[in-house]
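A.B. asks: Just so we're aligned, residue 1 is where the sequence shown starts under the UniProt record's numbering, counting upward by one. Using N, Cα and C, we set each Cβ at its ideal position, and we do this for glycine too.
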Amino acid sequence: MQEKTRWFANISEPSKQLEKRFQVPYNTALGWQKKQTDSSDYKGYLFDHLVLFLRLEQNTIIKLKQLFKKDELKALWGALKSTMYTIDIIEMDKALAYQFADYCVYESTEAQQFTQEGLEVFSVNVTKKLNDLVEFEKLVLLEFLRSKEGNQYVFDKESI
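#1: Which same chain residues, not among the five before or five after Gly150, have their C-beta less than 6 Å away from its C-beta?
#2: Between Glu117 and Thr60, is the Cβ-Cβ spacing less than 7 Å?
#3: Would you call Ser147 buried or exposed, if buried means 16 or more other Cβ atoms sit within 10 Å of its Cβ?
#4: In the DSSP assignment, find the unbroken alpha helix (DSSP H) run with Lys129 in it and report its ends.
#5: Tell me whether Lys74 is buried or exposed, calling it buried when 16 or more other Cβ atoms sit within 10 Å of its Cβ.
#6: Assign Val124 to one of two classes, buried (16 or more other C-beta atoms within 10 Å of its C-beta) or exposed (fewer than that).
#7: May I have the straight-line CA-CA distance separating Leu142 from Thr115, to the nearest angstrom?
#8: Which first and last residues belong to the alpha helix (DSSP H) in which Glu143 is found?
#9: When you compare each of Glu135, Lys69, Ala111 to Leu80 by their alpha carbons, which one comes out closest?
#10: Rounding to the nearest angstrom, what Cα-Cα distance links Leu67 and Thr109 in this structure?
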């Protein structure tokens, strides 16, 4: 039997948020378990990655493909590839706190396809799109970018 992977999301009322964002019936989202820690100001929820969110991941991937252009995903992949296997939701938020263009210049050769002016526009657009994602969507974005499916999608020259 495959071991279940459990992720942590520091959001409030996840069942209601999931129902609203993903049109999932409220009782479907009852797989969330509240995680209490010694620190009273740090509360969140655990969710079962394999069982509850399989369908939601696919819906999110469809949304990400519609939201981001391929060149944006490619530059984002390049910017995150050095830390992609250790990065988590919280670290991603820290990474995104930097100006995205500056991050790409230093971390992504894939971003060099843009002119300086184009990179500035690109920075504003992609940073806004990333900031509009909820924690779960950011996690799926990272998983998608480092997955075989994501790499085939981003780097398939015929479908660009």
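C.D. replies: From the atom records:
#1: Taking the sequence shown and counting its residues from 1, one reaches residue 150 at position 150. Closer than 6 Å at Cβ, skipping near neighbours: Phe144.
#2: Within the sequence shown, residue 117 is the residue found at index 117, counting from 1. Within the sequence shown, residue 60 is the residue found at index 60, counting from 1. In this structure, Thr60 does not lie closer than 7 Å to Glu117 by Cβ.
#3: Walking along the sequence shown from the start, residue 147 turns up at place 147. The residue is exposed, with fewer than 16 neighbouring Cβ atoms inside 10 Å.
#4: As a working note, residue 129 is residue 129 in the sequence shown. Segment 116 to 132, the alpha helix (DSSP H) holding Lys129.
#5: Looking up residue 74 in the sequence shown gives position 74. It is buried - the Cβ of Lys74 has at least 16 other Cβ atoms within 10 Å.
#6: Against the sequence shown, residue 124 aligns to sequence position 124. Exposed, since its Cβ has fewer than 16 Cβ neighbours within 10 Å.
#7: Residue mapping note: residue 142 aligns to position 142 of the sequence shown, counting from 1. Residue mapping note: residue 115 aligns to position 115 of the sequence shown, counting from 1. When rounded, the distance between both Cα atoms is 26 Å.
#8: As a working mapping, residue 143 is identified with position 143 in the sequence shown. Element bounds for Glu143: 135 to 146.
#9: What you label residue 80 is simply residue 80 of the sequence shown in a count that begins at 1. Measuring from the Cα of Leu80, the nearest candidate turns out to be Ala111.
#10: Here residue 67 refers to the residue found at position 67 of the sequence shown. Here residue 109 refers to the residue found at position 109 of the sequence shown. Roughly 22 Å between the two C-alpha positions.
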